[in-house]
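Scroll down for the structure; my scribbles are underneath it.
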Amino acid sequence: MKRSPFLVALPWITPWIIGFAAFLAAPIAMSLWYSLNDYSLLEPAAFVGLDNYKELAGDPLFWRVTRNTLVYGLVSSGLAVVLSLLIAALLEARVRGAALVRAIVFIPTLVPAVSGAVSWLWLFNPRFGLINSALSAVGVDGPDWLGSTAWAMPSLVVMGLWVIGSSVLVYSAALRDVPRALYESASIDGVGRIGRFRHVTLPLVSPAILFNGVMSLIWSLQLFAPPHLMTRGGPEETTYTYSMYVYNNAFIYGRMGYASALAWLQILVTLALTLIVLAVGRRFVYYRAA
Amino acid sequence: MNVERGQDGHEASAGREGRAARVGSRFGAWMSLAVIGFLYAVPLVWGFLVSLKTAGQAAAPGLGVLPRFESESGEVSLFSVAYWSRFIEQAAANYRDVWTSPIADFPLYLRNSLLVAVLSVLGTLVSSSIVAYGFSRLQWRGRDAVFTLVLATMMVPQAVVIAPSYLIFRELGWIGSFAPLWAPAWFSGASSVFMLRQFFLTIPRELDEAARIDGCSHVGVFVRVILPLSRPALAAVGLFQFVASWNDFLGPLVFLNHQEQYTLQLGLANYYAQHGGTPWNLVMAFSTLVVLPVLLLFLLTRRLFVEGVATQGLKE
């Protein structure tokens with residue numbers, strides 16, 4: 223195909239250029255500017271230099287939400303990567319009903335956050351929720367899941383593991399691409415089941431592991447709706463996440479300048495963590511020659 | 017000879033053991049999948065079952081799956097006509113209460129949600145297919161670098177840019193209108209462009225070369241060759257956008273001001289908060305109605321969904 227000049231292509235990609243400039247680049251640039259201002263949305267912004275960033279460093283709640291978010295992000299994305307690979311591997315056993323289970327595992331990814339939240343609120347309810355009802359049937363007195371400082375965050379992690387259907391599908395596609403012949407020749411060489419998983423499956427699905435790991439890390443670091451709807455960040459701020467803090471500062475406390483500084487930091491940290499995971503991951507990922 | 021026979025015998029017995037182990041492990045896999053399927057189904061199924069009960073039963077501890085009804089002569093038996101007529105009556109009453117609730121205008125929220133979702137789907141189909149053509153059928157300097165940038169924007173989560181976006185929509189005077197929820201879709205979305213580009217690349221170039229020789233312009237090739245052949249990909253992109261718009265919570269939460277503009281997601285959040293956890297049967301009925309359209313779309317078009325998600329994983 224002959225090379226078209228850029229001017230021929232320009233009209234075709236113009237919608238994207240406008241969208242990128244107006245709805246991504248401009249907001250990010252504007253929030254960089256407002257992060258250097260004291261801005262309540264009601265009064266004109268007043269330039270304060272790096273004051274917002276200095277305030278951040280000494281804000282105990284900022285450190286609290288950062289720690290909560292990192293803990294949730296690392297734990298839940300780590301568990302999600304392992305659990306979804308396990309489920310995908312089981313689904314590949316091609317037993318009767320596997321297609322149904324695949325659909326059931328995928329459906330939660332389509333459930334809106336608010337519906338998911340009310341369902342889980344009900345399951346976690348200490349008095350009449352299903353979890354504690356089931357526990358009391360076997361003689362265990364379940365805790366007040368979302369109301370206890372020890373259990374609230376683990377409860378949200380469990381709820382997050384309900385929504386791993388997309389990772390499972392990505393793994394399934396990768397697992398199906400592993401050539402049968404490799405398993406057969408490994409068997410003939412006397413490699414056992416675990417050995418085959420370790421030396422054949424894992425290397426060949428490693429690109430999918432990296433992809434799923436990065437995606438679930440990025441998404442879990444912005445956890446907002448479940449704690450916002452279910453715990454309001456409590457009890458004692460144990461489930462207060464970074465995105466909730468940005469939201470509250472921007473839209474509840476009317477501190478858009480401070481919120482902009484928070485948002486900027488979130489963008490940078492998310493980007494940095496993604497690059498670190500990609501760089502570390504690349505060393506372990508095996509790409510087959512195309 | 018002996019050695020060989022020994023080996024044969026050994027292999028044969030290993031084969032038998034192997035078969036037994038395989039049957040065993042298949043049963044293990046089946047059992048594990050049954051447990052996983054059960055656990056993953058519980059939250060939604062249980063929510064639906066609660067939506068059929070009376071308010072009192074919904075807030076009572078216990079593992080009762082089905083509603084229970086009392087009459088003068090004790091509990092109504094599950095195997096009686098009376099039970100099932102009470103069952104239908106109760107379920108209908110719950111769902112009617114949600115539909116006609118004085119504190120949440122369900123039909124209005126439904127209309128708002130549909131409006132936003134339909135406008136977003138139309139926008140994303142039109143704009144993303146045009147952009148995808150530019151990234152697949154035209155060869156220009158810097159194309160791959162720009163496309164990498166498109167893919168990179170896919171990694172930017174909504175929550176991270178929500179406060180900054182508020183600033184720009186405020187500047188545009190769009191806060192308190194539906195525009196922030198659907199207008200951006202008219203300027204193409206990264207994942208839609210990606211999916212459509214991947215599909216366009218599979219269409220044989222000979223088809224558009226032939227059309228070009230017949231005097232078709234790029235617009236002609238796009239409209240007459242590419243689009244008609246891309247119906248499955250367009251359907252998948254439209255579906256994904258519909259689900260994303262329908263399920264969006266943060267966008268409406270931040271950009272809308274008035275209760276008359278609420279989408280179903282905001283309506284449900286508000287309904288739950290106002291009820292303060294009392295009539296769980298009604299909250300669950302509302303929730304079931306909100307999930308239902310997406311669930312039906314999924315069941316009708318399962319293959320499109322599954323293939324779409326799988327494509328997303330191939331971008332490395």
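Protein chains in written order, with this note's numbering: chain A, 223 to 512; chain B, 17 to 332. Cβ atoms here follow ideal geometry from the backbone N, Cα and C, with glycine treated the same way.
Just to confirm my understanding: we take residue i, look at its own chain, exclude 5 residues before and 5 after, and list those with CB closer than 6 Å. What are they?
i: L484 (chain A); result: V468
i: A301 (chain B); result: S67, N110, Y111 and V114
i: R318 (chain B); result: none
i: F85 (chain B); result: V92 and R102
i: Y149 (chain B); result: F238
i: D399 (chain A); result: none
Rounded to the nearest angstrom, how far is the Cβ of residue i from that of residue j, given a contact under 8 Å?
i: N259 (chain A); j: G479 (chain A); result: 5 Å
i: A236 (chain B); j: Y125 (chain B); result: Reading off the sequence shown, one finds Gly at residue 236 (chain B), where the question assumed Ala. Rounded, the Cβ-Cβ distance is 43 Å, inconsistent with contact.
i: S262 (chain A); j: A179 (chain B); result: Not a contact, Cβ separation roughly 13 Å.
i: Y464 (chain A); j: T291 (chain A); result: 4 Å
i: S246 (chain B); j: T140 (chain B); result: Their Cβ separation, rounded to whole angstroms, is 14 Å, which puts S246 (chain B) and T140 (chain B) out of contact at 8 Å.
i: L154 (chain B); j: W234 (chain A); result: 6 Å
i: A302 (chain A); j: L397 (chain A); result: About 17 Å; that fails the 8 Å criterion.
i: I184 (chain B); j: M252 (chain A); result: 6 Å
i: P237 (chain A); j: V147 (chain B); result: 6 Å
i: L451 (chain A); j: A285 (chain B); result: 6 Å
Have a look at residue i and residue j and give me their C-alpha separation to the nearest angstrom.
i: T442 (chain A); j: N263 (chain B); result: For clarity, residue 442 (chain A) is Ser in the given sequence; the question names Thr instead. Roughly 17 Å separates the two Cα atoms.
i: Y275 (chain A); j: S257 (chain A); result: 8 Å
i: Y287 (chain B); j: G387 (chain A); result: 28 Å
i: Y508 (chain A); j: L404 (chain A); result: 15 Å
i: T164 (chain B); j: T116 (chain B); result: 49 Å
i: G248 (chain B); j: T288 (chain A); result: Position check: residue 248 (chain B) holds Pro in this sequence, whereas Gly was assumed. Distance between the alpha carbons of P248 (chain B) and T288 (chain A): 43 Å.
i: Q290 (chain B); j: W296 (chain B); result: 12 Å
i: V61 (chain B); j: R240 (chain B); result: 45 Å
i: R505 (chain A); j: S298 (chain A); result: 23 Å
i: E27 (chain B); j: S409 (chain A); result: For E27 (chain B), the pLDDT reaches just 44, beneath the cut-off of 50, and the residue's location in the model is therefore unreliable, although a value from the coordinates is still provided. Rounded to the nearest angstrom, the two C-alpha atoms are 12 Å apart.
i: M171 (chain B); j: M466 (chain A); result: 20 Å
i: L320 (chain B); j: L255 (chain B); result: 8 Å
i: P266 (chain A); j: G205 (chain B); result: 33 Å
i: N471 (chain A); j: F314 (chain B); result: 37 Å
i: F95 (chain B); j: M47 (chain B); result: 32 Å
i: T492 (chain A); j: L272 (chain B); result: 27 Å
For residue i, collect the residues of the same chain with a Cβ closer than 7 Å to its Cβ; drop the 5 residues on either side in sequence, then sort them by chain order.
i: V380 (chain A); result: none
i: S129 (chain B); result: W262, T279 and L280
i: V392 (chain A); result: A430, F433 and N434
i: R228 (chain B); result: V237
i: A320 (chain A); result: L313
Return yes when the Cβ of residue j is within less than 8 Å of the Cβ of residue i, no when it is not.
i: W202 (chain B); j: S143 (chain B); result: yes
i: V385 (chain A); j: T461 (chain A); result: no
i: P448 (chain A); j: L378 (chain A); result: yes
i: V310 (chain B); j: V253 (chain B); result: no
i: A315 (chain A); j: A45 (chain B); result: yes
i: S136 (chain B); j: S261 (chain B); result: yes
i: L383 (chain A); j: T453 (chain A); result: no
i: S340 (chain B); j: F216 (chain B); result: Residue 340 (chain B) lies beyond the range of chain B shown here (17 to 332); nothing can be said about it.
i: L307 (chain A); j: I431 (chain A); result: yes
i: F228 (chain A); j: R157 (chain B); result: yes
i: L283 (chain A); j: S394 (chain A); result: no
i: F328 (chain A); j: L266 (chain B); result: no
i: P123 (chain B); j: L197 (chain B); result: no
i: V306 (chain B); j: S341 (chain A); result: no
i: P77 (chain B); j: S355 (chain A); result: yes
i: V323 (chain A); j: G53 (chain B); result: yes
i: V176 (chain B); j: Q488 (chain A); result: yes
i: V514 (chain A); j: H421 (chain A); result: Missing from the structure shown is residue 514 (chain A); chain A here goes from 223 to 512 and no further.
i: G80 (chain B); j: T304 (chain B); result: no
Please report the residue range of the alpha helix (DSSP H) in which residue i lies.
i: Q214 (chain B); result: A206 to L217
i: P266 (chain A); result: Unbroken run through P266 (chain A): none, as it is neither H nor E.
i: A374 (chain A); result: A374 to L383
i: T288 (chain A); result: P282 to L313
i: A251 (chain B); result: R247 to N263
i: N274 (chain A); result: D273 to A279
i: E187 (chain B); result: Q174 to E187
i: A148 (chain B); result: F122 to S152
i: T423 (chain A); result: It is not in any alpha helix (DSSP H) - T423 (chain A) carries neither H nor E in the DSSP assignment.
i: N230 (chain A); result: Before going on, a small fix: residue 230 (chain A) reads as Val here, not Asn. From DSSP, the alpha helix (DSSP H) with V230 (chain A) extends over F228 to F242.
Which same chain residues, not among the five before or five after residue i, have their C-beta less than 8 Å away from its C-beta?
i: T496 (chain A); result: V436, L439 and I440
i: T371 (chain A); result: P457, E458 and T460
i: G271 (chain A); result: L258
Report yes if the C-beta of residue i is less than 7 Å from at least one heavy atom of the ligand FMN; otherwise report no.
i: I498 (chain A); result: In the structure shown, the ligand FMN is absent, as is every other ligand, since no ligand is present at all.
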